[in-house]
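One structure is given here, and the rest of the page talks about it.
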Amino acid sequence: MVVFNNYYLTAACIALIEITMNAPAPMIRLTTQRHIILEELSKVKTHPTASELYDMVRKRLPRIGLGTVYRNLELMADSGMILKIEVGGTQKRFDATTEAHYHIRCSACGKVDDIDIPVINELVAQAADTTSYLILGHHVEFTGICSICQKQQQQTLDQ
Ligand SMILES: [Zn+2]
Ligand SMILES: [Zn+2]
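Letter 149 of the sequence shown, counting from 1, is numbered 155 in the numbering used here, and no numbers are missing.
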């Protein structure tokens, strides 16, 4: 089973994949645990890591283990229920917003925010003109310094 969750697909590509793969994403049951994980993830815009989510979920399910939260997150991401963000060997982060959108990551503290600009589908068409690959999508992540880290860096300079 190939998972395309980390890619942003154009409608044409999705149609092609459906034709060529004929393998719908596996449906998974929305168990109580998964329901609570999804609820907690939906409450935040911070794109938490598995251990951050574990701390949130544990308040409602005191007996749940980190391994269980982690396994459920992977399954939920594989089934398209949530989005898994992993770039450049950094810690995996999770997102309840599954529509295509771009992210920005702070180079100093690693926090991830959404960037609210339209997804550029022309990039896929332009890339397709230059390669024999069947393009499945594209992934853009901006890097920068968040406002908190900018202030901290300024304070260090001021001292
Ligand atoms: Zn930062
Ligand atoms: Zn996001």
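Every residue gets a Cβ at the ideal spot worked out from N, C-alpha and C, and that includes glycine. Keep in mind the model is a prediction, meaning the values are calculated, not measured.
Item                                                                                                                                                       : Value
Nearest-angstrom Cα distance between T136 and H144?                                                                                                        : 14 Å
Could you give the uninterrupted runs of the alpha helix (DSSP H) lying entirely in the segment 87-154, keeping only those of 4 residues or more?          : 128-136
Between Y60 and V50, is the Cβ-Cβ spacing less than 8 Å?                                                                                                   : no
Rounded to the nearest angstrom, what separates R66 and L163 at their Cα positions?                                                                        : 43 Å
Rounded to whole angstroms, what is the Cα-Cα separation between Q132 and I126?                                                                            : 11 Å
Can you tell me which of the three DSSP states T37 falls into?                                                                                             : coil
Going by DSSP in three states, T55 sits in which element: helix, strand or coil?                                                                           : strand
T52 to K117, Cα distance in whole Å?                                                                                                                       : 7 Å
Report all residues from its chain with a CB closer than 8 Å to the CB of C152; omit the five preceding and five following residues, and keep chain order. : C112, A114, C115, K117, D119
Going straight from the alpha carbon of I34 to that of Y139, what length do you get?                                                                       : 31 Å
Exposed or buried, what is F100 when buried is set at 16 or more other beta-carbons lying within 10 Å of its beta-carbon?                                  : buried
In chain order, what residues place their C-beta within less than 5 Å of a heavy atom belonging to ligand 1?                                               : C112, A114, C115, C152, C155
Near I110, what residues of its chain come up, given a Cβ to Cβ distance below 6 Å and the 5 sequence neighbours on each side ignored?                     : D119, I121, F148, G150
Given 7 Å as the limit, tell me if T103 has its C-beta closer than that to any heavy atom belonging to ligand 2.                                           : yes
Within the continuous alpha helix (DSSP H) that includes R77, where are the two ends?                                                                      : 72-84
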